[in-house]
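A.B. asks: Residue numbers (the numbering used here): 270 to 651.
The beta carbon of each residue, even a glycine, is placed where N, CA and C say it ideally should be.
Please read these numbers as outputs of a predicted model, since none were measured by experiment.
Put into structure tokens, the structure is as follows:
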């Protein structure tokens, strides 16, 4: 269920007709499939009623995950438990198990599939429970000055900046003019956008986006192949060495291989990575039992494809329960001065994503360092 995959909304909610299979692990030699699964309908995948054609180990892992959620299920309404709904659908529909991330209990709340998994009221509750992007802090105010400078159409930048203007705004200005005064170059788009993101992250003491590169998620045969070094892991840098944990992964950046419709989405590998990061954060954060700290934890993915960028956030209502993803609207790097509003919107989303990561760092510092040390680093973190 990657962001680019779109399943048309159906006129019915097929989950109503699903018989709940008993969550018993399969035998060693079982393949957990219907005898006539090869004769299943080739029509709409949501109408396929055969159980998944899966190997024993894969289905056993799926059942173990489901059983581990017994005490952390999300009850949306008396008739809707999110984890149970996903379990029922994966057991009854081969396509859902094999072609989406539902088998990992990962749910994209912007995917049209939500309309078929849940009735309208349930869908509304789930989508509106996801934390909104935080309002940008004072740093975003400098974008007004940036707009004024850019509207002057002065590539030589003869207009002087105020002393309190951040160096990041200078960088944005220079990159913008370098882009619109050069010939079209797909790599230049990526380099400009990612350079701005790296520089912004590096200006936050609690974040590190310059860690050793991860394996590139783009296929090497892609026509616009880019260096794998453009993919990065975003880490929270502990200002105190506590429990031998100097850094924790809280986000990732990916140069996506394709753009579809209004959603970049990111690869399934990126979403699995963000999900694993969130699970790790839940494990290391010592909550007081009310779940208040865990609800503040998110991981963030930044997906770049050509001149387009998208923020993908990962969050869970309950520790150990279903993991939700919410992609932002796709933002686009402008190609001329008349599209300056696009630049402002893109930068605003980057700043808000940075604020999410800073808030996660604060939670980590509070739990690791205690209240006294947390107050000490509050101004440093943000």
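1) Nearest by alpha-carbon distance to residue 572: which of 563, 345 and 503 is it?
2) Are the region 540-553 and the region 610-619 touching by the rule of at least three beta carbon pairs closer than 8 Å?
3) Could you pull out every residue in the same chain whose Cβ sits closer than 8 Å to the Cβ of residue 346, ignoring the five residues on either side in sequence?
4) Do residue 334 and residue 374 count as a contact pair if the criterion is CB distance below 8 Å?
5) Give me the Cβ distance between residue 536 and residue 523, rounded to the nearest whole Å; I'm assuming they're in contact under 8 Å.
6) Would you say residue 617 and residue 601 are within 8 Å of each other, going by their C-beta atoms?
7) Between residue 404 and residue 548, what straight-line distance do the alpha-carbon atoms span, to the nearest angstrom?
8) Three or more C-beta pairs closer than 8 Å, one from the region 361-380 and one from the region 592-599: is that the case here?
9) Could you tell me the boundaries of the beta strand (DSSP E) in which residue 579 lies?
10) Cα separation between residue 354 and residue 615?
11) Is it right to say residue 344 is buried, meaning 16 or more other beta carbons lie within 10 angstroms of its own, or is it exposed?
12) I need the DSSP call for residue 636, collapsed to helix, strand or coil.
13) With 16 as the cutoff for other CB atoms within 10 Å, does residue 553 come out buried or exposed?
14) To the nearest angstrom, how far is the alpha carbon of residue 629 from that of residue 567?
15) On the CB-based measure, 16 or more other CB atoms within 10 Å of its CB, does residue 563 come out buried or exposed?
16) Using CA atoms only, rank isn't needed, just tell me which of 363, 565 and 473 is closest to residue 585.
17) Alpha carbon to alpha carbon, how far is residue 328 from residue 581?
18) Assign residue 603 to buried or exposed, taking buried as 16 or more other Cβ atoms, counted over all protein chains shown, within 10 Å of its Cβ.
19) With 16 other CB atoms within 10 Å as the buried threshold, where does residue 361 fall?
20) Throw me the rounded Cβ distance for the residue 371 and residue 359 pair, which I believe falls under 8 Å.
21) DSSP three-state label for residue 561, please.
22) Residue 363: buried (16+ other C-beta within 10 angstroms of its C-beta) or exposed?
23) Using the C-alpha atoms, what's the distance from residue 583 back to residue 357?
24) Just tell me which of 521, 397, 570 and 517 has its CA closest to the CA of residue 551.
25) In the region 322-356, which residue ranges form an unbroken alpha helix (DSSP H) of at least 4 residues, counting only runs that do not cross its ends?
26) Using DSSP with H/G/I as helix, E/B as strand and the rest coil, what is residue 404?
27) Taking the beta strand (DSSP E) that residue 376 falls in, what are its first and last residues?
28) Here's the rule: buried if 16 or more other CB atoms are within 10 angstroms of the residue's CB, otherwise exposed. What is residue 352?
29) Measuring alpha carbon to alpha carbon, tell me which residue in 626, 332 and 476 is nearest residue 366.
30) Less than 8 Å between C-beta atoms, sequence neighbours within five positions excluded: which residues of the same chain meet that for residue 625?
31) Quick check on the DSSP output: the beta strand (DSSP E) that includes residue 569 runs from which residue to which?
32) Is residue 473 near residue 588, with beta carbons less than 8 Å apart?
33) Compare the beta carbon distance of residue 476 and residue 505 with 8 Å and say whether it is the shorter of the two.
34) Assuming residue 464 and residue 623 make a contact with CB atoms under 8 Å, what is their CB distance in whole Å?
35) If I follow the unbroken beta strand (DSSP E) through residue 542, where does it start and stop?
C.D. replies: If we stick to the structure as given:
1) Out of 563, 345 and 503, the CA that lies nearest to the CA of residue 572 is found in 503.
2) no
3) 390, 391 and 394
4) Yes. Within cutoff.
5) 7 Å
6) no
7) 26 Å
8) yes
9) 577-585
10) 36 Å
11) exposed
12) helix
13) exposed
14) Taking the straight line from one Cα to the other gives about 7 Å.
15) By the C-beta density criterion, residue 563 is buried, having at least 16 other C-beta atoms within 10 angstroms.
16) 565
17) 28 Å
18) buried
19) Residue burial annotation: residue 361 is buried, with at least 16 other C-beta atoms found within 10 angstroms of its C-beta.
20) 5 Å
21) When DSSP states are grouped into helix, strand and coil, residue 561 belongs to the coil group.
22) Counting of Cβ neighbours within 10 angstroms places residue 363 among the buried residues, the total reaching 16 or more.
23) 23 Å
24) Closest by alpha carbon: 517.
25) 325-337
26) Residue state, collapsed to three classes: coil.
27) 375-377
28) buried
29) Selected option, being the one with the closest Cα: 332.
30) 402, 403, 567, 569 and 582
31) Unbroken beta strand (DSSP E) run through residue 569: 568-574.
32) no
33) Closer than 8 Å, so yes.
34) The Cβ separation is near 15 Å, so there is no contact.
35) Premise fails: residue 542 lies in the alpha helix (DSSP H), 537-553, not in any beta strand (DSSP E).
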